[in-house]
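The next block holds one structure in the form of structure tokens; read it before the comments.
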Amino acid sequence: MSGERGDISSSIRSLAQNSLAASRRQRNDFGSNAIAARQDKQIAQAIGVLTKFVALPVLP
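If you use the numbering used here, the sequence shown corresponds to residues 8 to 67, in order.
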């Protein structure tokens, strides 16, 4: 089960990196640093929540 959790965590990290990269591309396209920074923060917060959820031990 822990291997499965690791796979999910790595998938979340990969999604996070792709989302942050997309946010940076938007920042470059539109020159809107405030919006992109807010998006980066929201994405990072969501990833933190998801990672905590995935890392929870399985209860009997």
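Don't be surprised by glycine CBs; every beta carbon is placed ideally from N, CA and C.
Being a predicted model, the structure only gives us computed values, none of them experimental.
Nearest candidate by alpha-carbon position, reference residue i, set the options
i	options	result
Ala-43	Ser-18, Ala-29, Leu-22 and Gly-55	Ala-29
Ala-51	Asp-14, Ser-17 and Gln-24	Gln-24
Presumed contact (8 Å Cβ cut-off) between residue i and residue j, rounded CB distance
i	j	result
Glu-18	Thr-58	Per the sequence shown, the amino acid found at residue 18 is Ser instead of Glu. No, Ser-18 and Thr-58 are not in contact; Cβ-Cβ is about 11 Å, not under 8 Å.
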